[in-house]
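2 protein chains.
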Amino acid sequence: MMSENGHSYHHGDLQATLVRVASERIRQHGIDSLSLRKLAEDAGVSRSAPYHHFKDKNALLSAVAAKGFSDWHDKAKHIFGDKTASAPVRFRQFVHAYIQWAADNPQLYELMFGRTLWQSGNATEELKSVAYPSFQFQVEMTRFWQQQGVLCSTQDPLRLAQVTWGTLHGIARLVIDGVYANSSHLKEMCDCAADVFIQAGVSVPSDQT
Amino acid sequence: MMSENGHSYHHGDLQATLVRVASERIRQHGIDSLSLRKLAEDAGVSRSAPYHHFKDKNALLSAVAAKGFSDWHDKAKHIFGDKTASAPVRFRQFVHAYIQWAADNPQLYELMFGRTLWQSGNATEELKSVAYPSFQFQVEMTRFWQQQGVLCSTQDPLRLAQVTWGTLHGIARLVIDGVYANSSHLKEMCDCAADVFIQAGVSVPSDQT
DNA sequence: AGGGTATGTTGACAGTGTCAAGATAATTCA
DNA sequence: TGAATTATCTTGACACTGTCAACATACCCT
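The listed protein sequences derive, respectively, from chains Y and Z. If you read the first sequence in the numbering used here, its first letter stands for residue 10, the second for the next number, and so on. If you read the second sequence in the numbering used here, its first letter stands for residue 10, the second for the next number, and so on.
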């Protein structure tokens, strides 16, 4: 039964609405200032209604992060699968795309890879099942680039993947967390990182982004 | 005038005591679970006494972080100034020491380099005055290692410093934040990172830590 | 001695996440 | 169909939090 203000006693699709509204609030105001109560108000629902769809605040944040992972994973696959560019060029493109995506979605990135969800086993099973394949993909890409001679082939793929990902993650975090007050030279930093990793002798026109 | 329970109405050195107790609580229980009220109770003082020594919670955390910076800076200078080891060996040692220090002081590291203090200009002037020289030192070391042929000399020292530091920071964060559930291969990761950065042709016995 | 300042205390306020108990709607089943 | 079960939503409540105003005490300097 519809009430006069346009929604029934039962919201209909509160679960999805909460994730959507939460994502938007996080994008605009960050994670810290996100309160379940304001969120519920935004969704036009009372303060403890969300608890019928999410165990607690942590579970809701996990759902938001999970969506972020699948979005990023799609993007990464798209870049990696672009057959029109050479392997070294695609590596450089990937470096730029990673940092750019992080810089474009700072709050979401922080949620996805920050301590809020991962420390002390807070991560939901659903989140893990989405995130781990994304981590694994990083290793697969690394192995491919090693085979192509783009990255050093004598290193263990897993270790090298951890280091390359660590580098991207570190730069992203320093920028996002505001430690680098000046983020105007992001592109140059990306190119420098790519230069360091790409094996000598590989031809890489640096003007291709 | 001393009361019977052993402390006067005026605490005597509450400022230093608060920083000390806060550091200890942070080390043991993390930043999130630190409340000013419990902290005050630990220091044997009422809940709003700290406000006579710190503008707000943020200022107190800044003081804790500042102490962390000076501690780390001392350690870094010590390693870098060790004249008994060759330049490449010292670089490798620095990599290991950085990650090890971060892994040994996870909560403090997170406070020092995390968004809590740096995002949206929360950092105290005092904190900045301690942190910035520490950042600058990273650039000086990088320049030195470039001159010694350990690191690629064709890169801009500032950019390369950002990338090398970014790498260390990224690995540290991934481990600290619990994204790498398994941190048992830290040493191998450090060696892999050092291998990638150290220029080919430089002799580096990897068994020296 | 007395006034000013530094420091400490209690009371209060608005905010938070979370739960229990009760209300309402949808769904399932006899 | 009607009744019972289940899903969903609401209000009340609790224990927290950071922070401020008002007041109390102790120290310091003239």
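Here a beta-carbon is modelled for each residue, glycine too, at the ideal position from N, C-alpha and C.
| Item | Value |
| --- | --- |
| Rounded to whole angstroms, what is the Cα-Cα separation between Tyr60(Y) and Arg34(Z)? | 31 Å |
| Ignoring anything shorter than 4 residues or poking outside the segment 33–115 of chain Y, list the alpha helix (DSSP H) runs there in chain order. | 45–51, 66–89 and 96–113 |
| Of all the options Val104(Y), Ser57(Y) and Leu117(Y), which has the alpha carbon lying nearest to the alpha carbon of Gln37(Y)? | Leu117(Y) |
| Out of Phe103(Z), Gly179(Z) and Glu135(Z), point me to the one whose CA is closest to Ala150(Z)'s CA. | According to the sequence shown, residue 150(Z) is Met rather than Ala. When only C-alpha atoms are compared, the closest one is Phe103(Z). |
| Short of 7 Å in beta carbon distance, which residues of its chain neighbour Val73(Y), apart from the five on each side in sequence? Order them along the chain. | Val28, Ala31, Ser32, Ile35 and Leu120 |
| Using the beta-carbon count (16 or more within 10 Å), is Asp22(Z) buried or exposed? | exposed |
| Once DSSP output is grouped into helix, strand and coil, what is the label at Leu160(Z)? | coil |
| Name, please, each residue of chain Z whose Cβ falls closer than 7 Å to the Cβ of His178(Y). | Gly179, Arg182 and Leu183 |
| Do we get a CB-CB distance below 9 Å when we pair Arg36(Z) with the residues of chain Y? | no |
| Taking 9 Å as the CB-CB limit, is Arg7(Z) close to chain Y? | Shown here, chain Z extends from 10 to 218; a query on residue 7(Z) therefore has no answer. |
| What residues of chain Z sit near Phe206(Y), judged by a beta carbon separation below 8 Å? | Val205 |
| Taking 9 Å as the CB-CB cut-off, is Gly123(Y) touching chain Z? | yes |
| Establish whether the CB of His87(Z) and some CB of chain Y are separated by less than 9 Å. | no |
| With contact counted as at least three CB pairs below 8 Å, one residue from each stretch, are the segment 180–188 of chain Z and the segment 170–186 of chain Y in contact? | yes |
| Mind listing the chain Z neighbours of Gln128(Y)? Cutoff is C-beta to C-beta under 7 Å, in chain order. | Asp186 and Gly187 |
| Can you check whether the C-beta of Val172(Z) is within less than 9 Å of a C-beta belonging to chain Y? | yes |
| By how many angstroms is the C-alpha of Pro166(Y) removed from the C-alpha of Ser138(Z)? | 41 Å |
| Going by alpha carbons, who is nearest to Gly53(Y) out of Trp81(Y), Leu69(Y) and His20(Y)? | His20(Y) |
| With a threshold of 6 Å on Cβ separation, who are the neighbours of Pro115(Y) within its own chain once the five nearest residues in sequence on each side are excluded? | Ile185 |
| Straight-line CA distance for Gly77(Z) to Leu70(Y)? | 31 Å |
| For His20(Z) and chain Y, any beta-carbon pair shorter than 9 Å? | no |
| In this structure, does DSSP put Gly175(Z) in helix, strand or coil? | helix |
| Listing by chain order, which chain Z residues have their CB less than 7 Å from the CB of Gly175(Y)? | Thr176, Gly179, Ile180 and Leu183 |
| So, is His105(Y) buried or exposed, given that buried needs 16 or more other C-beta atoms within 10 angstroms? | buried |
| By DSSP, does Gln208(Y) sit in helix, in strand, or in coil? | coil |
| Taking the C-alpha atoms as reference points, what is the distance between Leu126(Z) and Gly187(Z)? | 20 Å |
| Chain Y beta carbons: is any one of them nearer than 9 Å to that of Met198(Z)? | yes |
| Nearest to Ile40(Y) by alpha carbon, out of Phe144(Z), Gln128(Z), Glu135(Z) and Ser44(Z)? | Gln128(Z) |
| By the 10 Å Cβ neighbour count, where 16 or more other Cβ atoms means buried, how is Ala49(Y) classified, buried or exposed? | buried |
| By the 10 Å Cβ neighbour count, where 16 or more other Cβ atoms means buried, how is Gly123(Y) classified, buried or exposed? | buried |
| Have a look at Ala209(Y) and Tyr141(Z) and give me their C-alpha separation to the nearest angstrom. | 34 Å |
| For Asp51(Z), collect the residues of the same chain with a Cβ closer than 6 Å to its Cβ; drop the 5 residues on either side in sequence, then sort them by chain order. | Val30 |
| May I have the straight-line CA-CA distance separating Ser12(Y) from Asp113(Y), to the nearest angstrom? | Its pLDDT being 37, under 50, Ser12(Y) is placed unreliably in this model, and the value from its coordinates should be taken loosely. Near 40 Å, if we compare the C-alpha coordinates of Asp113(Y) and Ser12(Y). |
| Distance, Cα to Cα, Val205(Y) vs Ala202(Z)? | 11 Å |
| Output needed in chain order: residues of the segment 149–167 of chain Y with a Cβ under 8 Å from some Cβ in chain Z. | Cys161, Gln164 and Asp165 |
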